[in-house]
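For reference, the structure discussed in these notes is given below.
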Amino acid sequence: MLSSKGWDPCLETSFLHCRHQEYIGKVTHAVFQTASGKKRVIVATEKSVVASLNLRSGEIFWRQVLEESEPIDGLQVALGKYAVSLSRGGSLRSFHLPDGSLIWETSLYTSPSPAQLFLLPSDDLLVLKQGIVYVVSSADGRLLWTSDLLDESRLAQTSLSFEGKNIYVAGFSGSSLALFRIDASTGAFTTLKTTEPLNPSSFVLSSGVFAALDTQGNIVTGLMEAEVVELQKTSLATLLDSPVSSAQLLPDKIPGGCVLSTDGGSIFVLGLDKKGVEVLQQIQGPPVVSNSIVLDGTFAQSFLQHINSKEIRVRVLSGKEWIETAEETVEVDPNKGGVQKVFMNAYIKTDRSRGFRVLIVGQDHSLALLQQGKVVWSREEALASVVDTLTAELPLEKAGVSVAEVEHDLYEWLKGHVLRLKSTLMLATAEEQTALQALRLNNADKTKMTRDHNGFRKLIVVLTSSGKLFALHTGNGGIVWSRFIPELSTKGSLKLYPWRIPHKHVDENAVALVLGSSHDGTGFAAWVDMLTGSVQETLALPYSVKVALALPVVDSSERRLHLLIDDQNKAHLYPTSDESLSLFEKYMQNVYFYIADKEAGQIEGYNIKSQVDAGEEGGLVFQSQKIWSVLFPKDSETIAAITTRRADEMVHTQAKVLGNRDVWYKYLNKNMVFVATVTPQDSRVGAANPEETWLVAYLIDSVTGQILHRVSHAHAQGPVHVVFSENWVVYCYFNVRNHRHEMSVLEVYDKSADGKDVLQLMLGRYNASVPFSSFSPRNLEVKGQSYFFPSTVRTMSVTFTARGITGKQILVGTIGNQVIALDKRFLDPRRSADPTPMEREEGVIPLSEGLPLFPQSYLTHAARVEELRGIISVPARLESTCLVFAYGIDLFFTRTAPSRTYDSLTEDFSYALLLITIVVLVVAIAVSMVLSQRKELREKWK
Amino acid sequence: KPASVKLLLNGGEKITFPLKNGYFAFQGIPAGTHLIEVSAPGFFFSPLRVDVSARLHGQVRASLVETGRVLSGNLVLEPMRQEQYFEKREPFSVLGLLKSPMGLMVAFMLIAVVVLPKLMDNIDPEEMKKIQEEMRNRPSPSFSNLLQGARS
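Chains as they are written, first to last, in the numbering used here: chain A, 2 to 943; chain B, 548 to 699.
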């Protein structure tokens with residue numbers, strides 16, 4: 002049932018290991034376009050994407066990503082050839098349906114506020130924004146007329162309908178209802194009536210009829226055709242033949258009617274006409290209501306209901322009397338949660354009867370098309386909102402693979418190599434070339450569910466904001482498993498932690514801890530098996546988790562001890578076993594943590610004092626105490642970024658040998674925290690006074706609270722992006738005066754070892770194997786330098802390799818949604834305009850003011866990872882190589898070798914050519930031997 | 548392909564796309580200094596600094612950030628360079644193969660095998676004997692001698 006779209010391979014053969022998947026996000030608006038030519042559906046999503054999807058397969062024809070800060074408020078198809086989108090910021094854009102190119106763009110207003118977009122019967126567009134009506138020509142985006150209905154007060158909860166030449170607008174200003182009739186061609190309007198207090202949240206206007214609920218349990222209806230609107234009050238209790246304590250009108254629009262939901266869980270379809278209100282249909286249980294479509298002059302609408310978690314009942318009601326015209330039961334994946342939105346479309350079947358198809362948006366953001374009782378296609382759009390990732394090793398290969406398999410593999414292998422040789426010698430036909438491409442892509446080796454020798458095959462476990470977890474295989478990007486955890490979808494911040502990574506018991510599966518916490522003071526924890534996706538345990542937490550600490554202690558079953566810090570700064574220890582308690586008590590006085598409060602502008606350090614009574618909820622609870630705090634002056638500095646080193650980072654050597662045979666020692670303090678503060682301001686770039694903005698960078702020891710280093714940059718402005726690795730920090734910000742982006746580097750060296758000889762260092766307390774203490778005094782030297790960077794930075798990361806021997810690359814996500822690998826050597830603070838020969842020998846690059854962007858250093862090549870939000874790098878088993886996973890709306894996976902692949906042959910190394918060379922040499926030797934023997938014989942006969 | 552080109556104002560605050568004829572416009576921009584960046588796969592564009600004057604009713608001055616060049620008249624953006632994302636792979640050629648160290652060794656060996664015996668043949672047998680005798684007399688074996696030895 003899961004139809005995961007294959008990753009598009011990058012075209013160049015030597016970059017076969019990069020994979021790109023395109024997504025669009027959770028669909029909010031959809032318009033079907035089935036009249037002529039290609040059948041497609043135009044959608045707008047929460048991620049501000051306008052896309053055209055193939056209705057038969059769900060593939061993307063085209064998509065355009067608009068401003069991510071401005072949600073799309075409306076989507077219409079005008080004149081049958083333009084897809085028109087309305088952004089929150091007031092931009093109305095029209096895209097050409099076949100290819101998605103921009104036809105026209107109009108900016109109606111600049112103050113961001115929610116608005117609605119309608120298509121008038123004359124095929125012009127109408128934008129309704131808080132009582133202001135704009136009518137725009139759909140041919141060229143010209144503003145035809147605008148009309149401000151209320152000068153002073155703005156209308157909330159507006160609604161609109163058209164009837165012939167007139168447009169009716171109704172809305173609440175305060176708690177009184179205001180009704181307007183507007184001439185569609187000129188924009189002249191008449192105010193109809195402003196009436197008594199009603200309940201503003203329950204209000205529907207459709208086809209010249211409006212309905213609202215008042216506070217006494219009555220439904221108030223009226224027709225807007227006449228000059229004077231007559232209001233009719235009907236008691237809900239008499240209408241429904243049962244006492245009603247609370248009721249609500251659903252915002253879903255039904256022509257000439259409305260949908261009422263009562264607290265009993267029933268749904269009533271009410272018909273509104275001149276005579277008053279009547280109940281047309283009653284549906285048990287809460288359905289999801291689709292948009293209405295025009296069908297043979299009347300309207301049709303579908304209602305979706307969950308029968309159980311696996312089946313959905315689709316009922317289509319149509320006609321004046323709302324008779325049920327079709328009913329289908331569709332089996333769906335229970336892993337998708339409930340249906341949140343339905344879009345309906347009708348079509349003519351081959352036997353000339355009418356069929357219906359519905360597009361459903363699930364609670365897990367997935368998009369699926371139902372037709373004729375089955376799911377035609379579905380898209381996992383949750384992957385457009387990845388929030389956290391983890392990687393899991395695949396299980397070891399089992400011994401005893403069957404012989405047939407090996408033989409088959411061997412045949413395949415040989416065939417592949419023959420093909421490859423042919424293509425190398427340019428003998429291959431076009432057919433063979435494509436066969437070779439396919440073979441390389443679907444290499445059975447790549448998609449195996451077992452560990453490989455180089456550590457390239459892994460599972461990437463991603464957590465999405467919808468609360469759905471996915472495991473992606475690095476080989477082909479396919480979804481191995483997915484698990485929807487409904488409790489997580491309501492939690493604000495979600496995080497993944499490696500709970501259990503087995504080393505001793507290799508045959509057991511790794512487990513991840515998923516933590517979700519929301520601002521209302523509750524949290525949720527789930528333990529998920531990383532290889533199968535099964536949820537082992539869930540736990541609702543009565544507190545929200547501020548910080549979660551993974552302690553460097555594991556219990557006998559290799560579960561890592563985790564401390565969850567709640568909003569009262571109490572520490573909760575998991576797992577809650579006696580063993581973990583005894584382990585923790587040994588370790589307790591070494592636990593330090595810090596909490597950064599961005600609003601208050603302070604960072605506080607804590608340690609663990611003692612165990613306290615857990616109270617009702619049980620578990621192991623500890624009291625913490627504050628030991629230090631750093632307070633930033635609120636009016637001049639706000640915290641822009643806080644970063645620490647990655648806990649599992651490998652550092653190969655502590656020493657750095659210089660060209661003049663001096664040794665510098667890297668200051669490798671795991672407790673060092675980088676904090677950047679910027680001058681607070683009204684965030685507009687143009688408005689800031691360049692003379693008064695500062696960026697201050699701090700290096701703070703999180704155990705003692707000591708500020709190790711402080712440096713400030715004038716004319717700098719956020720947003721600040723930071724990477725922190727080994728003993729260096731690279732951060733990037735915007736220089737207001739030069740109007741360029743700058744990247745700065747800080748490297749920290751420990752100079753307290755200077756003047757000691759080698760023997761002292763090896764045996765003394767400066768040996769790297771001696772435990773490091775934050776309390777011992779240090780003599781630090783910090784070197785820094787700044788460079789210009791020619792692009793806005795979205796996100797930054799750094800490569801990690803298995804042993805930390807390979808050089809580092811900084812992975813920069815640019816504004817163009819590409820990932821650039823920048824060698825760390827360009828960000829060396831020791832670069833100078835004229836390096837000495839000794840520095841040259843060391844590989845110090847001469848100074849330049851800007852950082853170069855080589856075209857070859859784009860890891861994404863020509864692909865774009867739309868709205869790039871994060872880059873994750875994972876070491877492979879091979880030291881030279883590092884796996885890179887970038888996510889935004891799209892997903893991108895590749896491998897990078899910062900210092901080239903010095904420890905392996907390239908993937909397309911021609912083994913066949915090597916073999917042939919050897920064979921030719923052997924033959925040559927044999928032939929020459931025979932020849933020489935013959936010659937010798939001839940000589941002897943002479 | 549124009550559909551994949553995108554223009555971003557102030558790091559993505561505003562986005563627009565070029566029309567089919569290549570023109571683009573940002574609407575509703577306040578006065579001040581702005582930065583326009585172009586995202587087009589396959590091309591590198593310098594960011595563009597645009598000063599919108601508040602006093603001289605929307606007069607616009609634009610300059611390229613990378614080079615500092617002021618654009619006058621119409622705003623025409625040109626890519627600074629076309630990007631070659633891939634390092635060019637050398638096409639397979641016999642010459643290339645021969646140029647590689649392995650190829651050179653093979654070539655040398657072939658020459659040694661084919662040409663040297665020919666040289667030997669050109670010397671007539673009597674002289675050959677003379678030389679061989681000389682060689683026997685000489686204490687240090689020469690290269691051709693070694694070769695002879697190896698071949699016999």
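From the three backbone atoms N, C-alpha and C, an ideal C-beta is built for every residue, glycine too.
Here the structure is a predicted model, which means the values were calculated and not measured.
| Nearest-angstrom Cα separation, counted from L621 of chain A out to S558 of chain A | 19 Å
| said: If I follow the unbroken alpha helix (DSSP H) through Q934 of chain A, where does it start and stop? | reply: Y912 to W942
| query | Can you name the residues that DSSP bridges to D702 of chain A? | reply | A:M673
| Opening and closing residue of the beta strand (DSSP E) in which L595 of chain B lies | L595 to V599
| Just to confirm, does S630 of chain A get its C-beta within under 6 Å of one of the non-hydrogen atoms of the ligand GTP? | Ligands are entirely absent from the displayed structure, and the ligand GTP is therefore not among its contents.
| When the distance is taken between beta carbons, is L495 of chain A closer than 7 Å to G517 of chain A? | yes
| query | In angstroms, rounded to a whole number, what distance separates the CA positions of V221 of chain A and L273 of chain A? | reply | 11 Å
| field | Three-pair Cβ contact test at 8 Å for the segment 850-867 of chain A versus the segment 363-381 of chain A | value | no
| field | Rounded straight-line distance, which links the Cα of A925 of chain A to that of N684 of chain B | value | 35 Å
| At which residues does the alpha helix (DSSP H) containing M839 of chain A begin and terminate? | P838 to E843
| field | Cβ neighbour criterion (16 or more within 10 Å) applied to V529 of chain A | value | buried
| Span separating the alpha-carbon of C259 of chain A from that of I104 of chain A | 37 Å
| Cα-Cα separation, K667 of chain A to G785 of chain A | 14 Å
| Residues, ordered as in the chain, of the segment 857-877 of chain A that lie near chain B by beta-carbon distance below 7 Å | Q857, Y859, H862, A863 and R865
| said: Residues in the same chain with beta-carbon distance under 8 Å from L121 of chain A, minus the five sequence neighbours each way, listed in chain order, please. | reply: L127, V136, F163, I168 and A185
| message | Considering only DSSP beta bridges, list what K234 of chain A is partnered with. | response | A:V221
| field | Contacting residues, own chain, Cβ-Cβ under 8 Å from D74 of chain A (five flanking each side not counted) | value | L87, S88, R89, P115, A116, Q117 and L118
| Is V866 of chain A helix, strand or coil by DSSP? | coil
| message | Less than 6 Å between C-beta atoms, sequence neighbours within five positions excluded: which residues of the same chain meet that for G660 of chain A? | response | M839, E840, E842 and E843
| field | Simplified DSSP state of I349 of chain A, which is helix, strand or coil | value | strand
| message | Within 7 Å of any Cβ in chain B, is that where the Cβ of S583 of chain A sits? | response | no
| Buried versus exposed, by CB contacts within 10 Å (16 or more), Q574 of chain B | exposed
| query | In chain A, which residues lie with their C-beta within 7 Å of the C-beta of S600 of chain B? | reply | Here the premise fails: no neighbours, minimum Cβ distance about 12 Å.
| said: Under 7 Å, Cβ to Cβ, is there at least one residue of chain B near L574 of chain A? | reply: no
| query | Nearest CA to the CA of T539 of chain A: which residue from A:V730, A:A189 and A:P576? | reply | A:P576
| Straight-line gap, T902 of chain A to S881 of chain A (C-alpha atoms, nearest Å) | 6 Å
| task | Rounded to whole angstroms, what's the CA-CA distance from L384 of chain A to E23 of chain A? Just pull it up for me. | result | 9 Å
| E634 of chain B to K936 of chain A span [Cα, whole Å] | With a pLDDT of 43 at E634 of chain B, under the threshold of 50, the predicted position of this residue should be treated as unreliable, and no value is reported.
| Under the three-state DSSP convention, the category T580 of chain B falls into | strand
| Expressed to the nearest angstrom, what Euclidean distance is found between the alpha-carbon atoms of S262 of chain A and G476 of chain A? | 49 Å
| field | E681 of chain B, DSSP secondary structure in three states | value | helix
| Cβ-based contacts, 8 Å cut-off: residues of the segment 58-78 of chain A near chain B | W63, Q65, V66, L67, E68, E69 and S70
| task | Please confirm if T111 of chain A has its CB atom under 7 Å from at least one CB of chain B. | result | yes
| message | For P891 of chain A, which residues in the same chain have their Cβ closer than 7 Å to its Cβ, ignoring the five residues on either side in sequence? | response | It is Asp, not Pro, that sits at residue 891 of chain A in the sequence shown. Correct list, in chain order: H21, Q22, E23, Y24, V866 and E867.
| message | For L232 of chain A and I183 of chain A, I'd like the C-alpha separation in whole angstroms. | response | 20 Å
| request: Pull out every residue of the segment 814-838 of chain A whose Cβ sits closer than 9 Å to any Cβ of chain B, in chain order. | output: T815, I816, G817, N818 and Q819
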